Amino acid sequence: MHTDVAIIDPLYPDAEVLNKAAEILRSGGLVAFPTETVYGLGANALDENAVQKIFEAKCRPAHNPLIVHVHDAASAKALAIDWPEVAQRLAETFWPGSLTLVVRKKPCVPDIVTASGDTVALRMPSHPVALALLASAGIPVAAPSANRSTRLSPTTAEHARRDLEGRIDMILDGGPASGGLESTVLDVTARVPRLLRPGLVTPAQIEAVIGPIEIPPHERDKQTREILRSPGMMEKHYAPRTPLECIHEDSWKRVDELLQQGLRVGWLIFEDSGKGHPHLKKIVLPAAAEAYAARMYAALHELDDAGVDRIVVAAPPQKEEWLAVRDRLRRASAK
Ligand code: TXA
Ligand code: MG
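Okay, structure coming up:
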């Protein structure tokens, strides 16, 4: 299959390019497109055969359900059998944006989208290209991240191309995804909404709108290692090819140890310590959570590409604003 890569202006997307991509979606094809979190791989969410192609292109296990992207809150409601008051308030506050809401689905949502569950995950993205594509296509679009299953999420069209070229119809290249981490996933079907995946919208922001939510114990308590009970939330996920370790105390000590063993090491740090070695590749990331998140996947892609043997990450602080970053690093380091 030939994959058409089309450059598109992220702020003023060209209507002709959009129409072409929308036509592919309407006729059951696959299009990768930028969102404000990461690149997504889209298909018509109401077309079972089209969605099946996503699973094949990504080699994604069928038990991992997909997020359905909608153009507005009304289109989200149209897919839900029940739209709780909290969903309404959260949508009004955070949409368009990087919060995904899990609600009870209507029968029109195919089983393949929801891994046969009775709930569906819905999100209205804020990226102008994603929104314009949804408007032009006029359908809800199921879109996981545009990478092969278990690999690092793509924050650029180039990342998506390397994983999926020849397996999908089109890639819209709208420049780097600004947020850099996947959306927050919140289940609002229970009496107390439950955080299924931390993301750029923090628990504190959500709780300011709807009151207390349930956060899995390991997220608040670093001793516990319980796995998130979201279907398909696999522990090993979002991982670079290179083995990665997160070090809480002196990460240089570990780096030095690995260098002594003759290994080439990639080192993600907050501040340049001035330490150097011919086999060491350092990347200094910002000390603020949001800015760190925006660059983290790109940095891990870069270290993977550099062909290092090991990646050592200086662990971020145990503060709530770092929840999503710590979650992804924990998954990236899972054996
Ligand atoms: O930022 C994002 O959310 C990106 C962009 C493309 O929108 N998408 C994304 O999709 O990260 P994906 O497929 O890589 O992750 C979807 C997550 C999975 O962890 C899945 O388990 C969860 O959402 N999920 C989907 N449907 C669900 C449902 N009905 N119940 C519980 N969790 C669900
Ligand atoms: Mg993904």
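When we follow the numbering used here, the leftmost residue of the sequence shown carries the number 1, and every step to the right adds one. Glycine included, C-beta positions come from ideal geometry on N, C-alpha and C. Given the structure is predicted, the values throughout are model-derived calculations rather than measurements.
Start and end of the alpha helix (DSSP H) containing residue i?
| i | result |
| --- | --- |
| I206 | P203 to I210 |
| F55 | E48 to K58 |
| K106 | Element bounds for K106: n/a, residue is neither H nor E. |
| H69 | Careful: H69 lies outside any alpha helix (DSSP H), inside the beta strand (DSSP E) at I67 to H69. |
| R162 | A157 to L164 |
| L329 | L323 to S333 |
| K281 | From DSSP, K281 is part of no alpha helix (DSSP H) but of the beta strand (DSSP E) over L280 to V284. |
Alpha carbon to alpha carbon, how far is residue j from residue i? Give it in angstroms, no decimals.
| i | j | result |
| --- | --- | --- |
| P154 | V201 | 19 angstroms |
| L122 | L268 | 33 angstroms |
| A177 | D169 | 20 angstroms |
| E290 | H63 | 31 angstroms |
| G117 | K106 | 11 angstroms |
| E16 | G28 | 19 angstroms |
| D327 | Q261 | 29 angstroms |
| P212 | A190 | 13 angstroms |
| E249 | T184 | 28 angstroms |
| V68 | V109 | 10 angstroms |
| P128 | A314 | 34 angstroms |
| P96 | A130 | 10 angstroms |
| R295 | R26 | 33 angstroms |
| D9 | P217 | 42 angstroms |
Give the secondary structure of residue i by DSSP, where H, G and I count as helix, E and B as strand, and everything else as coil.
| i | result |
| --- | --- |
| E92 | helix |
| R123 | strand |
| V192 | coil |
| A115 | coil |
| I24 | helix |
| E85 | helix |
| E214 | strand |
| N19 | helix |
| L172 | strand |
| A80 | strand |
| A74 | helix |
| L133 | helix |
| E245 | strand |
How far does the beta strand (DSSP E) with residue i in it extend, from its first residue to its last?
| i | result |
| --- | --- |
| V255 | Note, V255: premise wrong, no beta strand (DSSP E); alpha helix (DSSP H) at S251 to Q260. |
| A293 | Where A293 is concerned, there is no enclosing beta strand (DSSP E), although the alpha helix (DSSP H) it sits in stretches over A289 to D305. |
| A32 | V31 to F33 |
| G403 | Only positions 1 to 335 of the chain appear in the structure, and residue 403 is not among them; the question remains open. |
| D4 | D4 to I7 |
Please report the Cβ distance between residue i and residue j, rounded to the nearest whole angstrom; I am assuming they are in contact, meaning their Cβ atoms lie under 8 angstroms.
| i | j | result |
| --- | --- | --- |
| L99 | L186 | 7 angstroms |
| R254 | V312 | 5 angstroms |
| L245 | S136 | According to the sequence displayed, residue 245 carries Glu and not Leu. Between S136 and E245 the Cβ distance is about 44 angstroms, and since that is not below 8 angstroms, they are no contact. |
Strictly by DSSP, which residues pair up with residue i?
| i | result |
| --- | --- |
| N44 | V141 |
| T184 | L99 |
| D309 | None, per the DSSP bridge assignment. |
Is residue i close to chain D? Criterion is C-beta to C-beta, closer than 8 angstroms.
| i | result |
| --- | --- |
| A73 | Structure shown: chain D not included; a single protein chain is present. |
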